[in-house]
Amino acid sequence: MLLVVSTAGCSGSDEQPDGDLGSSTAGTRGDARGGHFVYYAVDRVHRDLGSEQLDLLDWRTGSSGELSGTWTAVGLSKDPGSARPRTQQTHRISGSQDGNTIEFTISGSSSSGPEHGKISGDTLTLDGDLAAQTDTFKKTDKKAFEKIVAADLASLPSAPSEP
C-alpha cells in the first residue's frame, strides 16, 4: 500500500462533500489557473479486527503541471482499551499532473516508487506499482473529510466499565 494499509473506495458515512471543489482538470500544463484537488478513501479491510484508516490526499498543481501537497492517514482504533482512538500521520507529496493523470512520490513513507493515478469525474484511482491492485478515492474537501472522521470516531465502541 501507499502508506501502511490498502485503501478501498467505500465510506461508512452518509456525509457528502460540500464547498467548491474546482475542476478535476485544472492545473494541467498550459493552464495558467493551476488547481486544488482533495480526495479521500476509507480502508475497511481491518474493520473486523477493530481498526480502520482514512486517507486524505490534498494537492495543488501549478500552471506548468508541478504537483505538491500532503497525504494524511488517520487511523481509528475500534479497540475499547486503546489509549489513543485516533492517530494521524501526514507526509509531503510531490510530482506532476498532466490533464487527468497524476504521478507523485510520498516523502517519508514505505512506498517503493511513484504513485500513478487517473482522475475521472469525482473519482481518483491510484495504482502505486502498476500492479493489479488499485486504490479508489472520492472527491471531497477538508471540512467534509473531518465530518467523516468524526462520524466514524463517534461510532467507536465505549470502553467496558470497571467493576
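Just so we're aligned, residue 3 is where the sequence shown starts under our numbering, counting upward by one.
Every residue gets a Cβ at the ideal spot worked out from N, C-alpha and C, and that includes glycine.
7 Å CB neighbourhood of residue i in its chain, flanking five on each side removed
i: R94; result: T72 and S109
i: G97; result: L69, I104, E105, F106, T107 and P116
DSSP-derived helix/strand/coil call for residue i
i: K144; result: helix
i: A156; result: helix
Identified DSSP bridge partners for residue i
i: T103; result: D100 and K120
i: I108; result: I95
i: D81; result: Note: D81 sits in no beta bridge, so no partner.
i: Q90; result: V76
i: S65; result: According to DSSP, S65 bridges with nothing at all.
i: T125; result: S122 and K140
i: G115; result: None, per the DSSP bridge assignment.
Nearest residue (CA-CA) to residue i, options the options
i: S111; options: T74, V44, S65 and F39; result: T74
i: E54; options: Y42, K80, S65 and A156; result: K80
i: G123; options: K141, T107, F106 and Q135; result: K141
i: D60; options: V76, Q90 and H38; result: H38
i: S157; options: R88, L58 and G101; result: R88
i: S65; options: L58, S84 and G101; result: G101
Contacting residues, own chain, Cβ-Cβ under 6 Å from residue i (five flanking each side not counted)
i: T92; result: T72 and T74
i: L128; result: E117, G119 and D137
i: D154; result: L78
i: V7; result: Since pLDDT at V7 reaches only 31, below the 50 mark, its modelled position is unreliable, and the value read off the structure follows with that caveat. The residues are D45 and Q55.
i: Q90; result: V76
Whether residue i touches residue j by CB criterion (8 Å)
i: A43; j: F139; result: yes
i: L56; j: I121; result: no
Chain-order list of residues whose beta-carbon lies under 8 Å from that of residue i (same chain, five-residue window excluded)
i: R86; result: S79
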